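Going by the UniProt record's numbering, the sequence shown wraps up at 191, each residue one higher than the last. Cβ atoms here follow ideal geometry from the backbone N, Cα and C, with glycine treated the same way. Since we're looking at a predicted model, the values are computed, not measured.
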Amino acid sequence: MLKPVNILLVGVGGQGTILATRVLAKAAQDAGYDIKVSEIKGMAQRGGSVVTQVRLGEKVYSPLISEGGADVILAFEKMEARRWLPYLKTDGHIIVNDQAIHPVPVLTGAAEYPADCLEKVKAATPHAIVVDALNIALACGNPKAANVVLVGVLARRLPIPKETWQAALKARVPEKFIEVNLKAFEEGYSI
Numbered sequence: 001m002l003k004p005v006n007i008l009l010v011g012v013g014g015q016g017t018i019l020a021t022r023v024l025a026k027a028a029q030d031a032g033y034d035i036k037v038s039e040i041k042g043m044a045q046r047g048g049s050v051v052t053q054v055r056l057g058e059k060v061y062s063p064l065i066s067e068g069g070a071d072v073i074l075a076f077e078k079m080e081a082r083r084w085l086p087y088l089k090t091d092g093h094i095i096v097n098d099q100a101i102h103p104v105p106v107l108t109g110a111a112e113y114p115a116d117c118l119e120k121v122k123a124a125t126p127h128a129i130v131v132d133a134l135n136i137a138l139a140c141g142n143p144k145a146a147n148v149v150l151v152g153v154l155a156r157r158l159p160i161p162k163e164t165w166q167a168a169l170k171a172r173v174p175e176k177f178i179e180v181n182l183k184a185f186e187e188g189y190s191i
């Protein structure tokens, strides 16, 4: 019996957080898990935070993850990783894209981007994996595949067969982008 696994996906609008969530949900469902998903998009189209909560297990009743309840945080941007650290369990894992996307207050000079995001993340848990997903995706042929690099890193750590993930990608990604996304997934899966 698999107790529910709580996964928080956090990023900035335009990074593909929602697509990553849909791939995760499809893979988990196809692997036979009960799954619940909650999406919070906020000002996503203007570079604002995007947060999805995913719970999977034998039986799951609610999609909501409380503070201190996330087994895994998949962070598409490092300030978002820092912002959502209170949701990580004490023994939880965090996968962080080493990318900074400056929000409007930083761009206008009204605020500063915190320089210590990764240090805070690493201090919060010994289970931190920092990934240069953007450069890996560039090497695969498309910088927009950074989200799928991160999905690959996550996939290797969940009890879902690799082939199920690949099939989920094929089902959720437009056909003309499947090849580059499968390559990005493989790169992430190898980390």
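In three-state DSSP terms, what is residue i?
i: residue 11; result: strand
i: residue 105; result: helix
i: residue 142; result: coil
i: residue 178; result: helix
i: residue 186; result: helix
i: residue 173; result: coil
i: residue 158; result: coil
i: residue 191; result: coil
i: residue 163; result: helix
i: residue 100; result: coil
i: residue 119; result: helix
i: residue 110; result: coil
Going by DSSP, which residues form a beta bridge with residue i?
i: residue 95; result: 74, 129
i: residue 5; result: 56
Can you round the beta-carbon distance between residue i and residue j to whole angstroms, since I take them to be within the 8 Å contact cut?
i: residue 80; j: residue 12; result: 7 Å
i: residue 121; j: residue 71; result: Not a contact, Cβ separation roughly 16 Å.
i: residue 2; j: residue 69; result: About 16 Å; that fails the 8 Å criterion.
i: residue 153; j: residue 191; result: 5 Å
i: residue 143; j: residue 31; result: With a Cβ gap of about 29 Å, residue 143 and residue 31 do not count as contacting.
i: residue 54; j: residue 18; result: So it is not a contact: roughly 12 Å between Cβ atoms.
i: residue 200; j: residue 124; result: In the structure as shown, the chain begins at 1 and stops at 191. Residue 200 is therefore absent and cannot be evaluated.
Which complete alpha helix (DSSP H) runs does the stretch 15 to 91 hold, if anything under 4 residues is left out?
The alpha helix (DSSP H) runs lying completely inside the stretch 15 to 91 and spanning 4 residues or more are 17 to 30, 78 to 83, given in chain order.
Does the pairing of the stretch 84 to 94 with the stretch 31 to 39 give three or more beta-carbon distances under 8 Å?
Contact fails between the stretch 84 to 94 and the stretch 31 to 39, because fewer than three Cβ pairs, one in each stretch, are under 8 Å apart.
May I ask you to verify whether the stretch 49 to 62 touches the stretch 166 to 185, counting CB pairs closer than 8 Å and requiring at least 3?
By the Cβ rule, the stretch 49 to 62 does not count as touching the stretch 166 to 185, because fewer than three pairs are nearer than 8 Å.
Three or more C-beta pairs below 8 Å linking the stretch 10 to 26 and the stretch 134 to 148
Touching, per the Cβ criterion.
Taking three-plus beta-carbon pairs below 8 Å as touching, is the stretch 94 to 108 in contact with the stretch 166 to 174?
Pairwise C-beta distances place the stretch 94 to 108 out of contact with the stretch 166 to 174, as fewer than three of them are shorter than 8 Å.
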